[in-house]
Every structure is written in C-alpha cells, then in structure tokens.
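Engineer: The opening residue of the sequence shown carries number 22 in the numbering used here; numbering runs sequentially from there.
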Amino acid sequence: MRVLVIEDTLELARQLTQRLEGEGYAVDTAADGEEGRFLGETEPYDAVILDLGLPKVDGLTVLRSWRRTGMTAPVLILTARGAWNEKVQGIDAGADDYLAKPFSMEELLARVRALIRRAKGHATAEIACGGVVLDTRTGRVTVNGEPIELTAFEYRVLSYLMHRKGQVVSRTELIEHVYAQDFDRDSNTIEVFVGRLRRKLGADIIKTVRGLGYRADEP
Ligand code: CA
22 MRVLVIEDTL
32 ELARQLTQRL
42 EGEGYAVDTA
52 ADGEEGRFLG
62 ETEPYDAVIL
72 DLGLPKVDGL
82 TVLRSWRRTG
92 MTAPVLILTA
102 RGAWNEKVQG
112 IDAGADDYLA
122 KPFSMEELLA
132 RVRALIRRAK
142 GHATAEIACG
152 GVVLDTRTGR
162 VTVNGEPIEL
172 TAFEYRVLSY
182 LMHRKGQVVS
192 RTELIEHVYA
202 QDFDRDSNTI
212 EVFVGRLRRK
222 LGADIIKTVR
232 GLGYRADEP
C-alpha cells in the first residue's frame, strides 16, 4: 500500500513517515499544497494524509481540486483542535475521515488501515484467502494457523494482492502501489518477490494471469 503524507511541520512529517514505513507502507511526502496536489493528481495512492494548514495552496483547496477531477483515493485530513468548522468543510470537500491535532499515532494508523480496507471493499481487519490470513492490524500472516515470516517488502506485495483479492493486478499497478516515488523500480524484482511469497505460503493463492498480471484467489 502506498500513502501520501502532505504536512508542512517537518518533524511531524518525519514521524508519520517513519511509523507508516514501519507498518509496511510505501510513503511519499510533500511539504506544501502545490507539490502535494500534483502528487495526488499524478500518482495512485491507497490513502492520503492531508494537513489543512499548508503553504502555497491550503489543504481544502487541494482536496476540492482533486475531487473535482475525480481523484477517489481515501483522504484523512488533519485539523486544528476544536476547529469544528474545518472538519465540516473538510468532509463536505470530500474527506473520508479527520483527526484533530495533536493526535495519537496509533489512532492515525488504525484510521488509515480502516480507510484502505473499506476503499478496497473489506469489512474486517483480517483478510483471508485459502488458508492464508493477513491481519492488517498486526501485519501478521498465517498459513493454516501457522505464522509465516515475511520481509517488509514481501508483506507489502502480499498485502496489496490480498486487499485486491479476486481481481487481476497488473505488474505496473503492483509496482506503483508497493514502491515510493523515489525508489528505483524494477519489474523483474516483483517477479522474484512473488516467487518467494509462493514458496513461503506453500499455497497456490497467487495466480499468474498470463499477459495481465497476478490475482490472489482461493486455490
Ligand atoms: Ca500545517
């Protein structure tokens, strides 16, 4: 999953990035509304964390412009404490959730997980496919109840495919959702990771759809 953080308080942006990366997300950041708007228009994010008070272009303007052009990624806005009007305006402008500053990092992570899960059509925090169960809260993966050790990157690939369970994911799409923008992207690497995942899971849940990509599905 790939997340965009638009926040001009650099220390907070750094903490957010660190925690999100620790939870297995690929993270891009922008420190002003202009750059953030551009990234949101041009890159496919699974969720966006958008501060409302931003230099150059404010967060509400960014959000309105995205929604006008049909950008549908779930957006969580960060508002000033007690500013109920900011929350109302934000939700009316197309925000999916909000948090007032200062917020707890755990609450933010839980909300981001829920936003992504719902946007991909899952009602619960555990996603099951065949004997494989991915717990989005803990990042734990089990096969027939047995825990499996995955590297951070293997988890990213599996998590994306399982969130999109039953649907074909092209290699390009997979790359766009597991790497941050400044990462050197290589589609051969994806194949290697899928191969490793198949061996570790020992279950035939990641199918290759010839010429199209991959699909996580019941064996
Ligand atoms: Ca700010």
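By construction, the Cβ of each residue, glycine as well, lies at the ideal position given by its N, Cα and C atoms.
Where the beta carbon is closer than 7 Å to any heavy atom of ligand 1, which residues qualify, in chain order?
Structural biologist: Chain-ordered list of matching residues: E28, D29, T30, D72, G74 and L75.
Engineer: Tell me where the alpha helix (DSSP H) around T210 begins and ends.
Structural biologist: Counting along the chain, the alpha helix (DSSP H) containing T210 begins and ends at S208 to L222.
Engineer: Could you check the C-alpha separation between D225 and L218 for me, to the nearest Å?
Structural biologist: Distance between the alpha carbons of D225 and L218 is about 10 Å.
Engineer: With DSSP as the reference, label E162 as helix, strand or coil.
Structural biologist: Before going on, a small fix: residue 162 reads as Val here, not Glu. The answer is strand: DSSP assigns V162 an E or B state.
Engineer: Check each candidate in W87, E128, K122 and Y181 and name the one with the smallest Cα separation from A114.
Structural biologist: When each option's Cα is compared against that of A114, the closest is W87.
Engineer: Do the segment 136 to 149 and the segment 189 to 201 make contact, defined as three or more Cβ pairs closer than 8 Å?
Structural biologist: Too few Cβ pairs lie closer than 8 Å, so no.
Engineer: Between L120 and A135, what straight-line distance do the alpha-carbon atoms span, to the nearest angstrom?
Structural biologist: Looking at the two C-alpha atoms, the distance is approximately 14 Å.
Engineer: DSSP three-state call for E167: helix, strand or coil?
Structural biologist: Residue state, collapsed to three classes: strand.
Engineer: For S7, which of R139, G234, E107 and R102 has the nearest alpha-carbon?
Structural biologist: For the chain, the structure presents residues 22 to 240; residue 7 sits outside this window and is missing.
Engineer: Alpha carbon to alpha carbon, what distance is there between G74 and N165?
Structural biologist: Between N165 and G74, the C-alpha separation is close to 47 Å.
Engineer: Do you know offhand how far D49's Cα is from G57's?
Structural biologist: Taking the straight line joining both Cα atoms gives about 9 Å.
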